[in-house]
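Here is the structure:
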């Protein structure tokens, strides 16, 4: 089977997400679609899957034009899609999720759940996916959930399987397993489209790499001859520094001390389990871990957004366990939250308003009742220049900026004052390569001025590159305290998955 | 690196502790009420079960004994807690308290317990059907707070059409009205993506205003538009011969039997059919169903309309199953009680049935109390069903989790 996208153009209000895109997909090969966030990769695939309707262009299936008006049409044509955010009903079993839409039925439309189990088992065995049809989705690790998604598309007999950012949520070990599955699919004569913004992975698995920038295909490269920096330059449109440039660190006194901290959530689950660690001045401590292992709750407790169930948090020897977020802020704690739309910015406020959001009550900006907007604007303008925030004006709504520039607004607001401790969660999630480079350099600069820095990230490469010390969180516990220079990514990955590297088992 | 695992203590969240404490206090308060209020009337209370048998409870000793047990249980809960048995303990305690309350009210006399239970089942009907309508909507991701308006509108349509053209036509008219009001909810919340709570609110006021206006203007001038012979109870062969149960469950009107069937069909359909799987999927995570080619919009429309039909039968209960006429605001908040039953019953038809029976019991007891001479003002008794709703919702709603996508408009793009 051959699938051709010809001249696809998709517009959203104010943006051209895909601009005259031409692309060919074949069975038996891995096509990698690489580009920055917002380059239009997911939009293009949603057009292919019948979720979006393109304004221009056509889709050709084995040479003849087809029109997909809904996912049902795309599925019927042999296209399967594994979305970045899994399309699984959390309270359903594996079998229920897999057969949804193609349910085997008995008398009076009754659901033949035994047949459904059988169907899951059959596909799972054939591709060696090792799934229990009766497991409840929300109780499964993300890697297993992804295999459920794969069974879903295989059961619908997809000839071409599209994976949208499949490795973003996986542990390093799961990523290796995932690539094995991709190989099996190719060996079985199916085609794979692999969407990513990670250069290493693209070079690893692809037979062909198509690079997208600002909605256009800027070129195809051969993974056998291309290099990472070459592809990065195509993605961004200028040469990019891929390695974090930093001097050896000089740790000073202990700034943050966390003692035996535990957090139980409203459902009674222990999210943080007797965690103790310290962060010193002039040191970057990274916390690695797969999403959902307690990092979010830990950061919430350190920034005052959530009560801890037991334990103590100290800043410079002072107890701040029950201090309010504003008290912590005034003691010199900066917080770059993991979800910039929900916690970091108020999308409906202007860039300038967002930039003074943590300081509006300072004498500099208000006399207690009335805001001094000219003063706020002066500060905002200087931050926009200093942090290279690309915005047409300080007065436009923050939500209209790109992800990278939104993140720069937050970083500018949080880091532009004397700090003792800077806490950054997922500082570069959904941020383009160019802005990543800049945000990393700001974090290192902050460290070099003697601030204690805590980085929480699920991107292993990122924490390994930034950290001077690396902690690994697994099921609410800190399971490892490592020197990132002396540890391999593979070993960290094993800790993240809850096991131990062979070297540590013997030690 | 080696770490020593610290001693792991079982941790509970602040909310759980608060909840456990409030259960303990509730038990103690019930115990004090039992000791000082229910224990102040001497005399035996007779509960008539069948014509030939009267079950006798000595009201005062029973209340005092209960008081001691309740306070002991409350203390145990506050000090140690019953863990997963908490709800069982609380339910048994509440049931015993109700018995003691009845004994107090009837002390020195007797009343028909069987009759009261029969009444409980009868009066649960609109709540059960309203709750099933609510479940069908919410399981599909549409919040339906318009149950009250649907019941009221269908009660009116059923009364008028039933008076003019006979009870069966009345039921059909009531169903049509329920479906019509559901269609308004569906179009505005699915097609135009208006906030579902606001649409529901508007429907409730629309139904109340329109039926009150028509009742005052038209029905008062034409009394013949508003009088019909309601259905009589039908004793089911064999089943109705069982002592007590036969009268309570199987000597009832067709509406009660319809409610039984509705609960059974709704339960089976939601959990054992293709339709049920898809319905639950679009209420939890519509996009998952949508990306698999399920037509989310169409299924939501269909389910909201079916819910309207079920609510329509519930509304027809007033004129055709019970009183034989329509009065202004005859539903008097039963639709909201049905909404509480949906939540209390955890969005499950059988759970909602149990909840509806609790509310029905409160109503039946209120009627019984006003016949017995208890000294409680009748206005206070009229509050009982709503008071029970308040206590139940405040005590339990925090604990149950509804369909995730309820209230969110679905956008196929």
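Chains as they are written, first to last, in our numbering: chain A, 1 to 507; chain B, 1001 to 1413. Where a beta carbon is used, it is the ideal one built from N, C-alpha and C, also for glycine. What you are looking at is a predicted structure, and each value in this text was computed from that prediction instead of being measured.
Could you check which residue in the options has the C-alpha nearest to that of residue i?
i	options	result
residue 1108(B)	1278(B), 1057(B) and 1120(B)	1057(B)
residue 1357(B)	1124(B), 1205(B), 1223(B) and 1098(B)	1124(B)
residue 203(A)	186(A), 229(A) and 181(A)	229(A)
residue 222(A)	235(A), 68(A), 213(A) and 207(A)	207(A)
residue 284(A)	468(A), 227(A), 79(A) and 88(A)	468(A)
residue 1070(B)	1098(B), 1141(B), 1030(B) and 1183(B)	1030(B)
residue 1406(B)	1141(B), 1016(B) and 1116(B)	1141(B)
residue 143(A)	149(A), 237(A), 170(A) and 120(A)	170(A)
residue 1355(B)	1220(B), 1132(B), 1376(B) and 1218(B)	1132(B)
residue 279(A)	140(A), 241(A) and 333(A)	333(A)
residue 74(A)	156(A), 181(A), 105(A) and 388(A)	156(A)
residue 1271(B)	1350(B), 1298(B), 1099(B) and 1219(B)	1350(B)
residue 1377(B)	1336(B), 1342(B), 1105(B) and 1020(B)	1105(B)
residue 1316(B)	1242(B), 1240(B), 1153(B) and 1263(B)	1153(B)
residue 303(A)	260(A), 410(A), 77(A) and 421(A)	421(A)
residue 1100(B)	1054(B), 1290(B) and 1035(B)	1035(B)
residue 1403(B)	1391(B), 1374(B), 1371(B) and 1348(B)	1348(B)
residue 353(A)	410(A), 431(A), 460(A) and 439(A)	410(A)
residue 439(A)	301(A), 243(A), 267(A) and 277(A)	243(A)
With a 10 Å radius around its C-beta and 16 neighbouring C-beta atoms as the bar for buried, classify residue i as buried or exposed.
i	result
residue 1002(B)	Confidence at residue 1002(B) is low in this model, with a pLDDT of 40, below 50, so the placement of that residue should be treated as unreliable; the coordinate-derived value is given next. The residue is exposed, with fewer than 16 neighbouring Cβ atoms inside 10 Å.
residue 502(A)	exposed
residue 7(A)	exposed
residue 262(A)	buried
residue 133(A)	buried
residue 1411(B)	exposed
residue 58(A)	exposed
residue 1380(B)	exposed
residue 486(A)	exposed
residue 3(A)	buried
residue 1198(B)	exposed
residue 1209(B)	exposed
residue 509(A)	Residue 509(A) is absent from the structure shown; chain A starts at 1 and stops at 507.
residue 1264(B)	exposed
residue 1173(B)	buried
residue 1345(B)	buried
residue 1366(B)	buried
residue 225(A)	exposed
residue 1022(B)	exposed
Can you tell me the Cβ-Cβ gap for residue i and residue j, rounded? I've got them flagged as a contact below 8 Å.
i	j	result
residue 111(A)	residue 1274(B)	5 Å
residue 1110(B)	residue 1046(B)	3 Å
residue 1281(B)	residue 89(A)	5 Å
residue 191(A)	residue 153(A)	Not really, about 12 Å apart at Cβ, beyond 8 Å.
residue 1136(B)	residue 1303(B)	5 Å
residue 168(A)	residue 80(A)	That pair is no contact at about 19 Å.
So which residues on chain D does residue i lean against when the C-beta distance must stay under 9 Å?
i	result
residue 1131(B)	Although the question refers to chain D, the structure presented lacks it and instead comprises the protein chains A and B.
Chain B contacts from the stretch 96-125 of chain A (Cβ-Cβ distance under 7 Å): Answer in chain order: 96, 100, 101, 103, 105, 109, 110 and 111.
Residues of the stretch 60-92 of chain A with Cβ closer than 9 Å to any Cβ of chain B, in chain order: Going along the stretch 60-92 of chain A in chain order, one finds 70, 71, 72, 73, 74, 75, 76, 81, 83, 85, 86, 87, 88, 89, 90, 91 and 92 with a Cβ nearer than 9 Å to chain B.
Inter-stretch contact at 8 Å, needing at least 3 Cβ pairs: the stretch 275-294 of chain A / the stretch 249-262 of chain A: Yes, they touch.
contact_flag[the stretch 1290-1297 of chain B, the stretch 94-101 of chain A] where n(CB pairs < 8 Å) is 3 or more: Judged by Cβ distances under 8 Å, the stretch 1290-1297 of chain B makes contact with the stretch 94-101 of chain A, as three or more pairs qualify.
Contacting positions in the stretch 1288-1311 of chain B - beta carbon closer than 9 Å to chain A: The stretch 1288-1311 of chain B vs chain A, Cβ under 9 Å: 1288, 1289, 1290, 1291, 1292, 1293, 1294 and 1295.
Sufficient close CB pairs (3 or more, under 8 Å) joining the stretch 16-31 of chain A to the stretch 179-188 of chain A: The answer is yes - the stretch 179-188 of chain A touches the stretch 16-31 of chain A, with three or more Cβ pairs under 8 Å.
At least three beta-carbon pairs within less than 8 Å, the stretch 213-221 of chain A to the stretch 16-27 of chain A: Yes: at least three Cβ pairs fall under 8 Å.
Contact list for the stretch 266-284 of chain A against chain B, Cβ threshold 8 Å: Residues of the stretch 266-284 of chain A whose Cβ lies closer than 8 Å to any Cβ of chain B, in chain order: 266, 267, 268, 270, 273 and 274.
Contact the stretch 123-141 of chain A vs the stretch 43-61 of chain A: 3+ CB pairs below 8 Å: No, because fewer than three Cβ pairs between the stretch 123-141 of chain A and the stretch 43-61 of chain A fall closer than 8 Å, the two stretches do not touch.
Contact set between the stretch 1256-1277 of chain B and chain A, restricted to residues whose Cβ is under 9 Å from the partner: The residues in question are 1268, 1269, 1271, 1272, 1273, 1274, 1275, 1276 and 1277.
Stretch-stretch touch, CB-based, cutoff 8 Å, three pairs: the stretch 287-297 of chain A with the stretch 321-330 of chain A: In short, these stretches do not touch, since the Cβ pair count stays below three.
At least three beta-carbon pairs within less than 8 Å, the stretch 258-272 of chain A to the stretch 448-457 of chain A: Short answer: they don't touch.
Inter-stretch contact at 8 Å, needing at least 3 Cβ pairs: the stretch 333-348 of chain A / the stretch 417-437 of chain A: The stretch 333-348 of chain A vs the stretch 417-437 of chain A: in contact.
Interfacial residues, the stretch 1208-1227 of chain B to chain A, with Cβ spacing under 9 Å: Within the stretch 1208-1227 of chain B, no residue qualifies.
Contact between the stretch 1061-1076 of chain B and the stretch 1319-1327 of chain B (3+ Cβ pairs under 8 Å): As far as the Cβ criterion goes, the stretch 1061-1076 of chain B does not touch the stretch 1319-1327 of chain B, which means the pair count is below three.
Three-pair Cβ contact test at 8 Å for the stretch 458-474 of chain A versus the stretch 487-500 of chain A: Remark: three or more beta-carbon pairs, one from each stretch, lie closer than 8 Å, so the stretch 458-474 of chain A and the stretch 487-500 of chain A are flagged as touching.
Cβ pair count under 8 Å reaching 3, the stretch 1087-1098 of chain B against the stretch 1204-1222 of chain B: Verdict: no, contact absent.
At least 3 beta-carbon pairs within less than 8 Å: the stretch 1227-1240 of chain B vs the stretch 56-70 of chain A: Output reads no: the stretch 56-70 of chain A does not touch the stretch 1227-1240 of chain B.
Stretch-stretch touch, CB-based, cutoff 8 Å, three pairs: the stretch 306-324 of chain A with the stretch 354-362 of chain A: No: fewer than three Cβ pairs fall under 8 Å.
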